[in-house]
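Participant: Quick note on my numbering: the sequence shown kicks off at 213 and runs consecutively. From the three backbone atoms N, C-alpha and C, an ideal C-beta is built for every residue, glycine too.
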Amino acid sequence: MLKKDCESISDVIAGISPYIRFVGVIGESGELLAYKRRPDLIPLLDEKNTKYQFSHIAMKTDLEGFFDKNLGEIEFSWEERKKVQTISFAIKKIRVWISIDKKVIRSEVLRIIDSCLPIVKKYSDA
213 MLKKDCESIS DVIAGISPYI RFVGVIGESG ELLAYKRRPD LIPLLDEKNT KYQFSHIAMK
273 TDLEGFFDKN LGEIEFSWEE RKKVQTISFA IKKIRVWISI DKKVIRSEVL RIIDSCLPIV
333 KKYSDA
């Protein structure tokens, strides 16, 4: 995937909701290919832990591939943590990782997911 595509994905998804904190496009090896962060935020993870998080996502993506044949490919994952909610979407071996404010009602998170799915599908089919 081209860098401009990764940047476009980040920009478009970040504009979906004011509750989106961060959008990152993460490569196969855990490298951050593009990102967009809401300007008024202090990140919850420092630089070192951010790298660990992205490496974890890359390893998890690789391991999940073992189950694709039987279960189908992952479309998205949604995690609720004490301080933040995260959603990740698969585009082949790349992940789009989004963090969302914790205090958002679930219907808004579902709206964000529904808005992201066509964007992800567009790049998955390319």
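From Pro251 to Leu244, what distance separates their C-alpha atoms?
Facilitator: Along the sequence shown, read from residue 1 onward, the residue named residue 251 stands at position 39. Along the sequence shown, read from residue 1 onward, the residue named residue 244 stands at position 32. Going by C-alpha positions, Pro251 is about 18 Å away from Leu244.
Participant: Rounded to whole angstroms, how far is the Cβ of Trp309 from the Cβ of Ile269, which I believe are closer than 8 Å?
Facilitator: Taking the sequence shown and counting its residues from 1, the one referred to as residue 309 is at position 97. Taking the sequence shown and counting its residues from 1, the one referred to as residue 269 is at position 57. With a Cβ gap of about 6 Å, Trp309 and Ile269 count as contacting.
Participant: Which residue's Cα is closest to the Cα of Phe288: Lys248, Leu329, Lys294?
Facilitator: In the sequence shown, the residue the question calls residue 288 occupies position 76. The shortest C-alpha to C-alpha distance from Phe288 to any of Lys248, Leu329, Lys294 is the one to Leu329.
Participant: Could you tell me which uninterrupted beta strand (DSSP E) segments, each at least 3 residues in length, are contained entirely in the segment 287-334, listed from first to last along the chain?
Facilitator: Counting only runs of 3 or more, we get 288-292, 296-303, 306-313.
Participant: In this structure, what does DSSP give as the bridge partners for Lys248?
Facilitator: Counting from 1 along the sequence shown, the entry for residue 248 is found at position 36. In the DSSP output, where bridge partners are listed per residue, Lys248 has Val235.
Participant: Return yes when the Cβ of Ile306 is within less than 9 Å of the Cβ of Gly239, no when it is not.
Facilitator: Along the sequence shown, read from residue 1 onward, the residue named residue 239 stands at position 27. Along the sequence shown, read from residue 1 onward, the residue named residue 306 stands at position 94. Yes, the Cβ-Cβ distance between Gly239 and Ile306 is below 9 Å.
Participant: Spatial neighbours of Glu320 within its chain, please: C-beta separation below 7 Å, excluding the five flanking residues on both sides.
Facilitator: Counting from one through the sequence shown, the residue named residue 320 turns up at place 108. Ser229, Tyr231.
Participant: Taking the alpha helix (DSSP H) that Ile225 belongs to, which residues open and close that run?
Facilitator: Taking the first residue of the sequence shown as 1, we reach residue 225 at position 13. 215-226 is the span of the alpha helix (DSSP H), which, as asked, contains Ile225.
Participant: Run the CB neighbour count on Arg293, radius 10 Å, all protein chains shown included, and call it buried at 16 or more, exposed below.
Facilitator: Taking the first residue of the sequence shown as position 1, residue 293 is located at position 81. It is exposed - the Cβ of Arg293 has fewer than 16 other Cβ atoms within 10 Å.
Participant: Just tell me which of Ile331, Ile299, Arg318, Lys334 has its CA closest to the CA of Phe234.
Facilitator: Translated into the one-based positions of the sequence shown, residue 234 becomes position 22. Ranking Ile331, Ile299, Arg318, Lys334 by Cα distance to Phe234 puts Ile299 first.
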